[in-house]
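Asker: For reference, the structure I am asking about is given below.
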Amino acid sequence: MKLVCDNVYVVKPYDPHADDCCVYMIDTKSEDGLVLIDVGLNIEPIQVIEKEGFYLKDIKHCLITHGHLDHFGACFKLKKFNANINFYAHELDADQIEQKPTGQYIEQYYGDYKYQPVKLAKRIKSDNEILKFGKSQFQCIHIPGHTPGSVAYLLEIRKKKILFGGDLPGVVLNFRGDNLEEYLKSMQKLLHFNIDILCEGHEDIIEPAKKVKKFIKKYMNLNEMLNLFLEEPNNMEILLDLTFISCELEFFDNALDFCNYLLEIEPDNVNGQELLKKILKQNPQKIDWIKSLINESIKKEK
Ligand SMILES: [Zn+2]
Numbered sequence: 001m002k003l004v005c006d007n008v009y010v011v012k013p014y015d016p017h018a019d020d021c022c023v024y025m026i027d028t029k030s031e032d033g034l035v036l037i038d039v040g041l042n043i044e045p046i047q048v049i050e051k052e053g054f055y056l057k058d059i060k061h062c063l064i065t066h067g068h069l070d071h072f073g074a075c076f077k078l079k080k081f082n083a084n085i086n087f088y089a090h091e092l093d094a095d096q097i098e099q100k101p102t103g104q105y106i107e108q109y110y111g112d113y114k115y116q117p118v119k120l121a122k123r124i125k126s127d128n129e130i131l132k133f134g135k136s137q138f139q140c141i142h143i144p145g146h147t148p149g150s151v152a153y154l155l156e157i158r159k160k161k162i163l164f165g166g167d168l169p170g171v172v173l174n175f176r177g178d179n180l181e182e183y184l185k186s187m188q189k190l191l192h193f194n195i196d197i198l199c200e201g202h203e204d205i206i207e208p209a210k211k212v213k214k215f216i217k218k219y220m221n222l223n224e225m226l227n228l229f230l231e232e233p234n235n236m237e238i239l240l241d242l243t244f245i246s247c248e249l250e251f252f253d254n255a256l257d258f259c260n261y262l263l264e265i266e267p268d269n270v271n272g273q274e275l276l277k278k279i280l281k282q283n284p285q286k287i288d289w290i291k292s293l294i295n296e297s298i299k300k301e302k
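Here the sequence shown is numbered in my numbering, starting from 1 and rising by one per residue.
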């Protein structure tokens, strides 16, 4: 179990092949016991804490970043170790957790998952609400966009600002009912906090502050470009930008997908040909994500 800084641990680290999120733990060294940030889909990886001298029964609070099953699916499994555990999430995502989660992503990825709803101890209602456990204060920053009730939890330890971001880099698509404008506003809001350490839901830990800012800005750019492109799926300039940004973010699968699509429409595009050579060196797999997105958005328009 990796230590992020005093009493903050990575319980479930980033795994590019896993279908659930990273999990973090804070030891409050008080009667409030251990606090988890998200829990993921499976309880087994959480059990690692018992090898490090902690007990599952001491997890007294679980802060959920947003209402996507890969972040809260195993809540009901946590209850088996401590029936009195308290769950927290924003009121706008609460139904997903307290009832049966719904949405296209459920059918697509988690159709077989047997979820049992849990009751929240508290619905977070206002922006910047504080949750206090022992001496640890978590500022709940409402960041709608990826979901309406996305929350990032900010913790300050020895003047270092640690942010548990959930899915900051998540794909935000207007045509699916996501709200790009809100997402961009939320990310802009986060940039003002000058975060020192970003503990991400599906990425490695990002630090220092300069890198965190760059990371957030890149994903803002990527999501903006992606939405622009889906409005004009033949705009080669935007498509080329998307390919560039994906390379920078080391999303080589997506980069290849964008680049192949570009060369399918314009086989003689010299920039596209040059990029393709670079991308192929990274050994990516062929995917058809962009085509499926275009088809999906065209169907929505009809
Ligand atoms: Zn998500």
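For each residue, glycine too, the CB sits at the ideal point set by N, CA and C. These numbers come from a predicted model, not from an experiment.
1) Could you give the uninterrupted runs of the beta strand (DSSP E) lying entirely in the segment 9-84, keeping only those of 3 residues or more?
2) Could you give the DSSP three-state label for Ala152: helix, strand or coil?
3) First and last residue of the beta strand (DSSP E) that includes Phe138?
4) From which residue to which residue does the alpha helix (DSSP H) around Leu239 run?
5) Mind listing, in chain order, the continuous alpha helix (DSSP H) runs of no fewer than 4 residues lying wholly within the segment 87-135?
6) Cutting at 6 Å between CB atoms, please list the residues of its own chain near Glu200, excluding the five before and the five after it.
7) Give me the Cα-Cα distance between His61 and Gln47, rounded to the nearest whole angstrom.
8) Based on DSSP bridge pairs, tell me the residues matched to Cys303.
9) Drop a sphere of 10 angstroms on the beta-carbon of His146, count the other beta-carbons inside from all chains shown, and report buried for 16 or more, exposed for fewer.
10) When DSSP labels each residue in this structure, what does Gly272 get in the three-state scheme?
11) May I ask you to list the residues that DSSP assigns as paired with Lys160?
12) Kindly give me the distance between the Cβ atoms of Val171 and Tyr183, rounded to whole angstroms, as I take these residues to be in contact under 8 Å.
13) I'd like to confirm something about His142: is its beta-carbon nearer than 8 Å to some heavy atom of ligand 1, or not?
14) Grab the span of the alpha helix (DSSP H) containing Glu200 for me, first residue to last.
15) Evaluate contact between the segment 99-113 and the segment 50-57, counting only Cβ atoms and requiring at least three cross-stretch pairs below 8 Å.
16) With distances taken between CB atoms, is the gap from Ile130 to Gln116 smaller than 9 Å?
17) Along the alpha helix (DSSP H) that carries Leu263, what are the first and last residues, could you check?
18) Hey, is Gly40 close to ligand 1, as in C-beta under 8 Å from one of its heavy atoms?
19) When you measure from the CB of Thr102 to every non-hydrogen atom of ligand 1, does any distance come out below 8 Å?
20) Tell me which residue opens and which closes the alpha helix (DSSP H) that Ile298 is part of.
21) In this structure, how does DSSP classify Ile216 when only helix, strand and coil are distinguished?
22) Please report how far the alpha carbon of Ala209 lies from the alpha carbon of Glu156, in whole angstroms.
23) Quick one: grab the DSSP three-state call for Ile205.
Answerer: In short:
1) Correct list: 23-27, 34-37 and 59-63.
2) Stepping through the sequence shown from its first residue, residue 152 is reached at position 152. Note: Ala152 maps to strand in three-state DSSP.
3) If you number the sequence shown from 1, residue 138 lands on position 138. From DSSP, the beta strand (DSSP E) with Phe138 extends over Ser136 to His142.
4) As a working mapping, residue 239 is identified with position 239 in the sequence shown. Per DSSP, the continuous alpha helix (DSSP H) segment holding Leu239 begins and ends at Met236 to Glu248.
5) The segment 87-135 contains these whole alpha helix (DSSP H) runs: 94-98 and 104-109.
6) For the purposes of this step, residue 200 is taken as the residue at position 200 of the sequence shown. For Glu200, where only same-chain residues beyond five positions count, the Cβ hits under 6 Å are Gly165.
7) Against the sequence shown, residue 61 aligns to sequence position 61. Against the sequence shown, residue 47 aligns to sequence position 47. Each residue's Cα considered, the two are about 16 Å apart.
8) No answer is possible for residue 303: the residues shown for the chain start at 1 and end at 302.
9) Numbered from its first residue, the sequence shown carries residue 146 at position 146. Burial call: buried.
10) The residue given as residue 272 occupies position 272 in the sequence shown. Looking at Gly272 - three-state DSSP - the assignment turns out to be helix.
11) Counting from 1 along the sequence shown, the entry for residue 160 is found at position 160. Answer by DSSP bridge pairing, in chain order: Ile157.
12) As a first step, residue 171 is located in the sequence shown; it is residue number 171 there, counting from the start. As a first step, residue 183 is located in the sequence shown; it is residue number 183 there, counting from the start. About 10 Å; that fails the 8 Å criterion.
13) By 1-based counting over the sequence shown, the position of residue 142 is 142. No, the Cβ of His142 stays beyond 8 Å of every heavy atom of ligand 1.
14) If you number the sequence shown from 1, residue 200 lands on position 200. It is not in any alpha helix (DSSP H) - Glu200 instead sits in the beta strand (DSSP E) that spans Ile197 to Glu200.
15) Short answer: they don't touch.
16) The residue given as residue 130 occupies position 130 in the sequence shown. The residue given as residue 116 occupies position 116 in the sequence shown. By the CB criterion at 9 Å, Ile130 and Gln116 fall outside the cutoff.
17) If you number the sequence shown from 1, residue 263 lands on position 263. Counting along the chain, the alpha helix (DSSP H) containing Leu263 begins and ends at Phe252 to Ile265.
18) Translated into the one-based positions of the sequence shown, residue 40 becomes position 40. With a cut-off of 8 Å, the C-beta of Gly40 is classified as distant from ligand 1, since no heavy atom of the ligand falls inside that distance.
19) On the sequence shown, residue 102 is found 102 positions in, with the first residue counted as 1. It does not: the Cβ of Thr102 is nowhere closer than 8 Å to a heavy atom of ligand 1.
20) Numbered from its first residue, the sequence shown carries residue 298 at position 298. The continuous alpha helix (DSSP H) containing Ile298 extends over residues Trp289 to Glu301.
21) In the sequence shown, residue 216 corresponds to position 216, counting from 1. Ile216 falls in the helix class under three-state DSSP.
22) Here the question's residue 209 lines up with position 209 in the sequence shown. Here the question's residue 156 lines up with position 156 in the sequence shown. If I take the Cα positions, the gap works out to 14 Å.
23) Sequence index remark: in the sequence shown, residue 205 carries index 205 (1-based). The answer is coil: DSSP assigns Ile205 none of H, G, I, E or B.
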